[in-house]
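> In our numbering, the protein residues as written are 1463 to 1727.
Just so you know, even glycine gets a beta-carbon here, dropped at the ideal spot from N, CA and C.
Computed from a predicted model, the values in this text were never measured in an experiment.
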């Protein structure tokens, strides 16, 4: 085991303090402490009924699981036994950056700056993709860390990928751009196909069982809730229902395949 350095302590403290603050801001911005819920922000552009690619209301409960995973990761990261871990050393600052960006996204959405939500969520996905690449490249860790790190990064990235699609669609829908040149059914299928392809590439290329499972679970959840939203919340779209169900099914099956592959640990 390598020697603990002062920068290890700084990183551990920063993730605990900064992460707690970022999660608190995110909870406040989401309406947990009595403020406006995020679906009411930006004139309702991010509500479950705003567009045909918005996940249904129940989809956002996955944030409770993601936040729990992040809290557990931060606690493990702060343990003296993990101070010199190459995995926590490599991921610590990136995870903190993801929490700050998540809080920033909620803040700009609450301020009604809908256009700024796209570059912020794009940066968030980029940071999480970096975490994915780091975890995939590092030698497999052992025991509970394998589960904690894999599921945390996987769930976070899988959900953020689907949320990005809903976010971009909302911005385009509420913009002054003329999108009528492309039939709605065509762009719905195209967008969901690309989303599923990205999720499949992540799941099958993860090389780590729990990382793959995390991505597959969150992406399948998000895609399935797009279908549920069109069946319950509206606006109605049979094309979106069918395309989202097919996409969710493919990603879900890929997750099972990835979990059973013997070369993943």
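What residues in its chain sit with their C-beta under 7 Å from that of residue 1567, if we drop five residues either side in the sequence?
Residue numbering aside, residue 1567 sits at position 105 when the chain shown is read from its first letter. Here the set comprises 1579, 1582, 1583 and 1586.
> Quick check on this structure: which residue in 1509, 1563 and 1499 has the alpha carbon closest to the alpha carbon of residue 1691?
Residue numbering aside, residue 1691 sits at position 229 when the chain shown is read from its first letter. Out of 1509, 1563 and 1499, 1509 has the C-alpha closest to the C-alpha of residue 1691.
> Can you grab the Cα-Cα spacing for the pair residue 1678 / residue 1471, in whole Å?
Looking up residue 1678 in the chain shown gives position 216. Looking up residue 1471 in the chain shown gives position 9. Cα-Cα distance, rounded: 33 Å.
> Tell whether a beta-carbon distance below 8 Å holds between residue 1722 and residue 1670.
Here residue 1722 corresponds to residue number 260 of the chain shown, with the count starting at 1. Here residue 1670 corresponds to residue number 208 of the chain shown, with the count starting at 1. For residue 1722 and residue 1670, no; Cβs fall outside 8 Å.
> Check whether the Cβ atoms of residue 1607 and residue 1672 lie closer than 8 Å to each other.
Here residue 1607 is taken as the residue at index 145 of the chain shown, counted from 1. Here residue 1672 is taken as the residue at index 210 of the chain shown, counted from 1. No; because the gap between Cβ atoms is not below 8 Å, this pair is not in contact.
> Do the CB positions of residue 1633 and residue 1577 come within less than 8 Å of each other?
Position 171 of the chain shown, counted from the first residue, corresponds to residue 1633. Position 115 of the chain shown, counted from the first residue, corresponds to residue 1577. Yes, the Cβ-Cβ distance between residue 1633 and residue 1577 is below 8 Å.
> Does the count of Cβ pairs from the segment 1526-1540 and the segment 1685-1700 closer than 8 Å reach three?
Contact fails: fewer than three Cβ-Cβ distances are below 8 Å.
> Could you pull the start and end residues of the alpha helix (DSSP H) that residue 1653 belongs to?
As a working note, residue 1653 is residue 191 in the chain shown. Run containing residue 1653: 1646-1667, per the alpha helix (DSSP H) assignment.
> Measure the C-alpha to C-alpha separation of residue 1536 and residue 1477 and round it to an integer number of angstroms.
Reading the chain shown from its first residue, position 74 is the one you call residue 1536. Reading the chain shown from its first residue, position 15 is the one you call residue 1477. Residue 1536 and residue 1477: Cα-Cα distance of roughly 6 Å.
> Give me the residue from 1505, 1720 and 1659 with the minimum Cα distance to residue 1637.
The count along the chain shown starts at 1 and reaches residue 1637 at position 175. Nearest of 1505, 1720 and 1659 to residue 1637, Cα basis: 1505.
> Expressed to the nearest angstrom, what Euclidean distance is found between the alpha-carbon atoms of residue 1619 and residue 1715?
By one-based count along the chain shown, residue 1619 stands at place 157. By one-based count along the chain shown, residue 1715 stands at place 253. Cα to Cα, residue 1619 sits roughly 18 Å from residue 1715.
> Taking residue 1556 and residue 1589 to be in contact with their CB atoms under 8 Å, please state how far apart those CB atoms are, rounded to whole angstroms.
In the chain shown, the residue the question calls residue 1556 occupies position 94. In the chain shown, the residue the question calls residue 1589 occupies position 127. The Cβ separation is near 6 Å, so the contact holds.
> Run the CB neighbour count on residue 1545, radius 10 Å, all protein chains shown included, and call it buried at 16 or more, exposed below.
Here the question's residue 1545 lines up with position 83 in the chain shown. The residue in question, residue 1545, is buried, as its Cβ has 16 or more Cβ neighbours within 10 Å.
> Can you look up residue 1597 in the DSSP assignment and give me helix, strand or coil?
Translated into the one-based positions of the chain shown, residue 1597 becomes position 135. Three-state result, residue 1597: helix.
> Could you check if residue 1659 is buried or exposed, using at least 16 other CB atoms within 10 Å of its CB as the buried criterion?
Here residue 1659 refers to the residue found at position 197 of the chain shown. Residue 1659 should be labelled exposed.
> So the candidates are 1702, 1501, 1689 and 1688; which of them puts its Cα closest to the Cα of residue 1645?
Within the chain shown, the letter at position 183 stands for residue 1645. The shortest Cα separation from residue 1645 among 1702, 1501, 1689 and 1688 belongs to 1702.
> Between which two residues does the alpha helix (DSSP H) carrying residue 1500 extend?
Taking the chain shown and counting its residues from 1, one reaches residue 1500 at position 38. Unbroken run through residue 1500: none, as it is neither H nor E.
> Determine the extent of the alpha helix (DSSP H) in which residue 1672 is found, giving its start and end residues.
The residue you call residue 1672 lines up with position 210 of the chain shown. Looking at the DSSP string, the run of the alpha helix (DSSP H) that includes residue 1672 is 1671-1694.
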